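Novice: Here the protein sequences come in this chain order: A and B. Mapping of the first sequence onto numbering that gives the first Met the number 0: residues 0 to 390, in sequence order. Mapping of the second sequence onto numbering that gives the first Met the number 0: residues 0 to 390, in sequence order. The structure follows.
2 protein chains.
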Amino acid sequence: MNLAFTREEFEARLAKVRAAMVERSLDLLILSDPCNFYYVAGYEAWSFYVQQYLLVRADDDRPVWLGREMDARGARLTTWLRDEDLHTYPDSYVQSDERHPGQFLANFLRERGWHKGRIGVESQSYYLTAKTQKVLEAELGDAAIVDASLLVNRVRAVKSPAEIEYMRQAARIVEGAMATAIQHTRPGVRQCDVAAEIYRALMRGTPDFGGQYASSPPFMPSGERVDTPHLSWTDQPYASEGQANFELVACRHRYHTQLSRTVSLGRPTDTQRRLEAAALEGIEAALTAARPGARACDVEAAWREAAARHGVRKSARVGYAVGIAYPPTVGEQTISLRPEDRTVLEPGMTFHLMPAVWQEGASIVITEPFVVTETGAETFCRFERKLFWTE
Amino acid sequence: MNLAFTREEFEARLAKVRAAMVERSLDLLILSDPCNFYYVAGYEAWSFYVQQYLLVRADDDRPVWLGREMDARGARLTTWLRDEDLHTYPDSYVQSDERHPGQFLANFLRERGWHKGRIGVESQSYYLTAKTQKVLEAELGDAAIVDASLLVNRVRAVKSPAEIEYMRQAARIVEGAMATAIQHTRPGVRQCDVAAEIYRALMRGTPDFGGQYASSPPFMPSGERVDTPHLSWTDQPYASEGQANFELVACRHRYHTQLSRTVSLGRPTDTQRRLEAAALEGIEAALTAARPGARACDVEAAWREAAARHGVRKSARVGYAVGIAYPPTVGEQTISLRPEDRTVLEPGMTFHLMPAVWQEGASIVITEPFVVTETGAETFCRFERKLFWTE
Numbered sequence: 000m001n002l003a004f005t006r007e008e009f010e011a012r013l014a015k016v017r018a019a020m021v022e023r024s025l026d027l028l029i030l031s032d033p034c035n036f037y038y039v040a041g042y043e044a045w046s047f048y049v050q051q052y053l054l055v056r057a058d059d060d061r062p063v064w065l066g067r068e069m070d071a072r073g074a075r076l077t078t079w080l081r082d083e084d085l086h087t088y089p090d091s092y093v094q095s096d097e098r099h100p101g102q103f104l105a106n107f108l109r110e111r112g113w114h115k116g117r118i119g120v121e122s123q124s125y126y127l128t129a130k131t132q133k134v135l136e137a138e139l140g141d142a143a144i145v146d147a148s149l150l151v152n153r154v155r156a157v158k159s160p161a162e163i164e165y166m167r168q169a170a171r172i173v174e175g176a177m178a179t180a181i182q183h184t185r186p187g188v189r190q191c192d193v194a195a196e197i198y199r200a201l202m203r204g205t206p207d208f209g210g211q212y213a214s215s216p217p218f219m220p221s222g223e224r225v226d227t228p229h230l231s232w233t234d235q236p237y238a239s240e241g242q243a244n245f246e247l248v249a250c251r252h253r254y255h256t257q258l259s260r261t262v263s264l265g266r267p268t269d270t271q272r273r274l275e276a277a278a279l280e281g282i283e284a285a286l287t288a289a290r291p292g293a294r295a296c297d298v299e300a301a302w303r304e305a306a307a308r309h310g311v312r313k314s315a316r317v318g319y320a321v322g323i324a325y326p327p328t329v330g331e332q333t334i335s336l337r338p339e340d341r342t343v344l345e346p347g348m349t350f351h352l353m354p355a356v357w358q359e360g361a362s363i364v365i366t367e368p369f370v371v372t373e374t375g376a377e378t379f380c381r382f383e384r385k386l387f388w389t390e
Numbered sequence: 000m001n002l003a004f005t006r007e008e009f010e011a012r013l014a015k016v017r018a019a020m021v022e023r024s025l026d027l028l029i030l031s032d033p034c035n036f037y038y039v040a041g042y043e044a045w046s047f048y049v050q051q052y053l054l055v056r057a058d059d060d061r062p063v064w065l066g067r068e069m070d071a072r073g074a075r076l077t078t079w080l081r082d083e084d085l086h087t088y089p090d091s092y093v094q095s096d097e098r099h100p101g102q103f104l105a106n107f108l109r110e111r112g113w114h115k116g117r118i119g120v121e122s123q124s125y126y127l128t129a130k131t132q133k134v135l136e137a138e139l140g141d142a143a144i145v146d147a148s149l150l151v152n153r154v155r156a157v158k159s160p161a162e163i164e165y166m167r168q169a170a171r172i173v174e175g176a177m178a179t180a181i182q183h184t185r186p187g188v189r190q191c192d193v194a195a196e197i198y199r200a201l202m203r204g205t206p207d208f209g210g211q212y213a214s215s216p217p218f219m220p221s222g223e224r225v226d227t228p229h230l231s232w233t234d235q236p237y238a239s240e241g242q243a244n245f246e247l248v249a250c251r252h253r254y255h256t257q258l259s260r261t262v263s264l265g266r267p268t269d270t271q272r273r274l275e276a277a278a279l280e281g282i283e284a285a286l287t288a289a290r291p292g293a294r295a296c297d298v299e300a301a302w303r304e305a306a307a308r309h310g311v312r313k314s315a316r317v318g319y320a321v322g323i324a325y326p327p328t329v330g331e332q333t334i335s336l337r338p339e340d341r342t343v344l345e346p347g348m349t350f351h352l353m354p355a356v357w358q359e360g361a362s363i364v365i366t367e368p369f370v371v372t373e374t375g376a377e378t379f380c381r382f383e384r385k386l387f388w389t390e
């Protein structure tokens, strides 16, 4: 057993989750999101492509892991749960037309008398599936099955000192990867070769600690792709003009820290300089606005007003809560820095301020992850905040 | 627009999908699986962490993409769809408590009169979500919403020559990454530093073509983790005894080819040699059994009988169909090489023969991806099939 946190920290997390369950009158919570497996139990194997369930009961301090037979060893190695609380279904339930793990789960619950009352499921998680919810509703006629999506995600919003320390370590790693990206980006170099160096830096980490696979690949569009989010590299060489964007993310003990910068290929154009000015002033304004008591929407408003002075606007959110992540998303899916989100910021909340600007044929991607402190906000990274450019 | 396949190949795919829809009496198919987005339309951005839908109608040869506002450019750049068939919902629908993209989709369908008849959804896809299906059922009272999971996945089973060529290219990449892994694995070297070299090799690819991010990270357990599947590396150094497993996967134009080998740290033990013998004979028997007309279960039976002669058995499937992949799984989720799967093999089907053996404290992971040919089976990789070991 190699836990990244103390037993006490896991117990405190579980207590918070159970309190949130009581508030929602839930008797049982069936978790599917691997981030929540990690948060509550420490479980960290890449097994979420098959059905697996972490069961938390409001009146019991021992969560139960139910997964595929071959993954029980991973649960034994990586969680604080007791061996007798690890249960498995046979491999014949995996991707079968005849059997569904949800049926196994329903039987499991019935045998223990846990099949009644109010049962929360994560209906918005990628890893429950609509089919599973249908199976559970059909099998558990005595229960009220309710959507408890994001219940645990919301508990995760405020980070402990230990969690923040891992995000700081991930920040050291992502800084190194960004320096590597900028160093290797030159006209004529294949984009995939720069991606190779970035990945190498992300995994090597520092002499003191290494990196892990992250929730998402580097996004690094260039050429005709440079105005388009969510694209990765190609195997074409960088051109001698235009720009390259780098949205990088490092992972340490499943905690993620991101950093994005744009590199101009050649001397920056006026458009690039204008977007840079908007980005830098917007970020400065947003970081000044972020403090305990401010609302998520206040941070966005500060960014928006500063950027507007440069004629720049953005219809998408300018940031989101971050911490633990597994594919496909680095965000916690809870708080967004946008006009309608009135969540009040608290010390220990962590965000990726991500005000990328995408325009037809142009973009700027300069971002800063930060933690809300007792008095304001502190960025995780120490990396020059500007538009970089190659000679 | 940079298509990895000809327009004719996309049209042939769509025709097959529509024929399968007619067979199931479906009027409309709402796709959520990003592999199926790529297969049908070419769409390849990492945007599947938000809701997006690819709509295929049985009586129309123009699929419709509906996604997040900022992702429309990616659809324009990477698909063969016409601009007027790309539609978006506003960013305020993203991860909102008040609005759901499924409502937007339902309105969209109503406006076009596509909200009636039999509508297929991918209820077992990671990316539909249970919540979306509930929203659609509530909104589309005039339709029969049925589970059409894997309909397109099944169409994908038999690969074209162009698809097989990309898997061959991915094979070249994964061979290079495996050679790199074996070369760097030495007692005292940090596992994360070997992971760094593996990733570098996977992305650099060859001088002729580079690699892309794959559906899964390398799995490379060692030390106390060596008997446990689905675990990645740590930042601890390799010990001077025991072993290291490497399950690697390379990606080329979203087509994946895998390769796994075990490296003994020091001279192999008798247990390792016995597991090696079982693995090698099992693989040889399975590859001999794999040919057109044989069933998936016949391949497994051949492996099982050969391995049993060495006292080795395995309760999980020994392989699965492969091709296009996105996280979280490299498998196509259709055909499994296991006793109950009677699918008859056809030329062009592609599998990862993955008979990893996990025992308490021991394991062997030697695998071979292969394509079914007109007369038998051909492995994608040319990589020495044996237990490797460090001096």
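We put the beta carbon where it would ideally sit given N, CA and C, even for glycine. In this text the structure is predicted, and so the values were computed from the model without any measurement.
Touching or not, the segment 211-231 of chain B and the segment 57-76 of chain A, by the rule of three or more beta carbon pairs under 8 Å?
Specialist: Segments in contact, yes.
Novice: Go ahead and pull the three-state DSSP assignment for A/ARG72.
Specialist: Correct three-state label for A/ARG72: helix.
Novice: Residues of chain B with CB closer than 8 Å to the CB of A/GLU68, please, in chain order.
Specialist: Here the neighbours are SER314, ALA315.
Novice: Shorter than 8 Å from the beta carbon of B/ARG224 to some beta carbon of chain A?
Specialist: Cβ-Cβ to chain A under 8 Å: yes for B/ARG224.
Novice: State buried or exposed for B/LYS385, treating a residue as buried only when at least 16 other CB atoms are found within 10 Å of its CB.
Specialist: Its Cβ having fewer than 16 others within 10 Å, B/LYS385 is exposed.
Novice: Which same chain residues end up closer than 8 Å to B/GLU68 when comparing Cβ atoms and leaving out the 5 residues on each side of it in sequence?
Specialist: Answer for B/GLU68: THR87, TYR88, PRO89, ASP90, listed in chain order.
Novice: Could you tell me the boundaries of the alpha helix (DSSP H) in which A/VAL193 lies?
Specialist: Counting along the chain, the alpha helix (DSSP H) containing A/VAL193 begins and ends at 190-203.
Novice: Let's see if you can read the secondary structure: which residues bound the beta strand (DSSP E) around A/ILE365?
Specialist: No beta strand (DSSP E) holds A/ILE365; DSSP gives it neither H nor E.
Novice: Could you tell me which of A/PHE387, A/LEU344, A/THR349, A/ALA376 sits nearest to A/ILE365, measuring between CA atoms?
Specialist: For the residues A/PHE387, A/LEU344, A/THR349, A/ALA376, the minimum Cα distance to A/ILE365 belongs to A/PHE387.
Novice: Skipping 5 residues on each side, what residues in its chain have a beta carbon closer than 7 Å to that of A/ARG288?
Specialist: Contrary to the premise, residue 288 of chain A reads as Ala rather than Arg in this sequence. Same-chain partners within the cutoff: ASP297, VAL298, ALA301.
Novice: Rank B/SER231, B/ALA238, B/ASP207, B/ARG203 by C-alpha distance to the C-alpha of B/PRO216 and give the top, closest one.
Specialist: Closest by alpha carbon: B/SER231.
Novice: Suppose you measure from the CA of B/ASP84 to the CA of B/LEU108; what does that come to, to the nearest Å?
Specialist: Cα-Cα distance, rounded: 13 Å.
Novice: So with CB distances below 9 Å, who are the chain B contacts of A/ASP84?
Specialist: The premise fails here: A/ASP84 is roughly 18 Å from chain B at the closest Cβ pair, so nothing lies under 9 Å.
Novice: Can you pull the DSSP bridge partners for A/PRO160?
Specialist: A/PRO160 is not bridged to any residue.
Novice: Please name the residue, chosen from A/GLU174, A/ARG153, A/ILE172, A/ILE29, that lies closest to A/LEU135 on a Cα-to-Cα basis.
Specialist: Looking at the Cα atoms, A/ILE29 is the closest of the given residues.
Novice: Taking a contact to mean a Cβ-Cβ separation below 8 Å, would you say A/ALA295 touches A/SER335 in this structure?
Specialist: Yes, the pair counts as a contact, with Cβ atoms nearer than the cut-off.
Novice: Can you tell me whether A/GLN358 is buried or exposed? The criterion is at least 16 other CB atoms within 10 Å of its CB, across all chains shown.
Specialist: When all chains shown are included, A/GLN358 counts as exposed.
Novice: Under 8 Å, Cβ to Cβ, is there at least one residue of chain B near A/THR328?
Specialist: Yes, contact with chain B.
Novice: A/GLY330 and A/VAL321 look like a contact to me (Cβ under 8 Å); what is the Cβ gap, rounded to whole Å?
Specialist: Yes, A/GLY330 and A/VAL321 are in contact; Cβ-Cβ is about 6 Å, under 8 Å.
Novice: Would A/SER46 pass as a contact of A/GLY66 if the rule is Cβ separation under 8 Å?
Specialist: It is a contact, given that the beta carbons lie within the stated cut-off.
Novice: In the DSSP output, what is A/PRO236 paired with across the bridge?
Specialist: The partner list for A/PRO236 (beta bridge, DSSP) reads A/ARG189.
Novice: Please classify A/ARG56: does DSSP put it in a helix, a strand, or coil?
Specialist: If DSSP states are grouped into helix, strand and coil, A/ARG56 belongs with the strands.
Novice: So, using beta-carbon positions, are A/TYR237 and A/ARG155 closer together than 8 Å?
Specialist: Going by C-beta atoms, A/TYR237 is not nearer than 8 Å to A/ARG155.
Novice: Below 8 Å between beta carbons: does that hold for A/GLY210 and A/ALA147?
Specialist: No, the Cβ-Cβ distance between A/GLY210 and A/ALA147 is not below 8 Å.
Novice: Kindly list, in the order they appear in chain B, the residues whose Cβ is closer than 9 Å to that of A/LYS15.
Specialist: Here the premise fails: no neighbours, minimum Cβ distance about 20 Å.
Novice: Leaving out the 5 sequence neighbours to the left and right, which residues in its chain are closer than 7 Å to B/GLU345 when beta-carbon positions are compared?
Specialist: Answer for B/GLU345: VAL157, PRO291, VAL371, listed in chain order.
Novice: Could you pull the start and end residues of the alpha helix (DSSP H) that A/LEU127 belongs to?
Specialist: Unbroken run through A/LEU127: none, as it is neither H nor E.
Novice: Using a Cβ cut-off of 8 Å (strictly closer), state whether B/ALA3 contacts chain A.
Specialist: Not one chain A Cβ lies under 8 Å of B/ALA3.
Novice: Check whether the Cβ of A/ARG111 sits closer than 7 Å to any heavy atom of the ligand HEM, and report yes or no.
Specialist: The ligand HEM is absent from the structure shown, which contains no ligand whatsoever.
Novice: Check whether chain A comes within 8 Å of B/GLY322, counting only Cβ atoms and requiring the distance to be less than that.
Specialist: Cβ-Cβ to chain A under 8 Å: no for B/GLY322.
Novice: Specify whether the segment 173-182 of chain A and the segment 121-138 of chain B touch according to this definition: at least 3 beta carbon pairs, one from each stretch, less than 8 Å apart.
Specialist: At 8 Å Cβ cutoff, the stretches do not touch.
Novice: Apply the 10 Å Cβ neighbour rule to B/VAL343 and answer buried if 16 or more other Cβ atoms are within range, or exposed otherwise.
Specialist: B/VAL343 should be labelled exposed.
Novice: Locate the beta strand (DSSP E) running through A/ARG117, then write down its first and last residues.
Specialist: It spans 116-120 - the beta strand (DSSP E) in which A/ARG117 sits, taken as one unbroken run.
Novice: List the residues of chain B that A/LEU230 touches, going by C-beta distances under 7 Å, in chain order.
Specialist: Residues of chain B passing the Cβ test: ALA44, GLY73.
Novice: Under 9 Å between beta-carbons, which chain A residues line up against B/CYS191? List them in chain order, please.
Specialist: Per Cβ cutoff of 9 Å: MET202, ARG203, GLY204, PHE208, GLY209, GLY210, GLN211.
Novice: Does DSSP put B/TRP45 in a helix, a strand or coil?
Specialist: It is coil, neither helix nor strand.
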